[in-house]
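J.: For the sequence shown, the tail end lands on 348 under this note's numbering, and the numbers increase by one without skipping.
C-beta: ideal position from N, C-alpha, C; glycine also.
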Amino acid sequence: MTAAGFPRAVLFDLDGTLLDSAPDFVATCNAMLAERGRAPVDPAVLRPVVSKGSRAMVGAAFPDLDAAARDALIP
């Protein structure tokens with residue numbers, strides 16, 4: 274706290290609290306699928322794994338690929 278009683282910094286956990294980024298991640302996965310001639314994934318498939326990171330999202334979007342092929346899609 275500063276002398277005036279105000280904190281020096283405030284941190285927010287935006288994703289899932291103040292901001293829903295799931296639609297952006299779904300759009301990104303669907304763009305990856307389209308680039309590879311695949312059908313888009315249903316948002317209901319990706320929403321549960323958005324908070325688990327890119328590997329989980331790519332795994333849900335490309336369930337037929339083995340781990341090495343999925344890892345190759347992640348920069």
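Taking the C-alpha atoms as reference points, what is the distance between residue 348 and residue 335?
T.: C-alpha separation (whole angstroms): 16 Å.
J.: Does the beta-carbon of residue 319 have 16 or more other beta-carbons within 10 angstroms, so that it is buried, or is it exposed?
T.: The residue is buried, with at least 16 neighbouring Cβ atoms inside 10 Å.
J.: Given that a residue counts as buried once 16 or more other Cβ atoms are within 10 Å of its Cβ, and exposed if not, what is residue 299?
T.: With 16 or more other Cβ atoms within 10 Å, it is buried.
J.: Using beta-carbon positions only, say whether residue 306 and residue 296 come within less than 8 Å of one another.
T.: No; because the gap between Cβ atoms is not below 8 Å, this pair is not in contact.
J.: Should residue 283 be labelled buried (16 or more other beta-carbon atoms within 10 Å of its own) or exposed?
T.: Per the 10 Å Cβ criterion, exposed.
J.: Between 325, 303 and 308, which has its C-alpha nearest residue 316's C-alpha?
T.: Out of 325, 303 and 308, 303 has the C-alpha closest to the C-alpha of residue 316.
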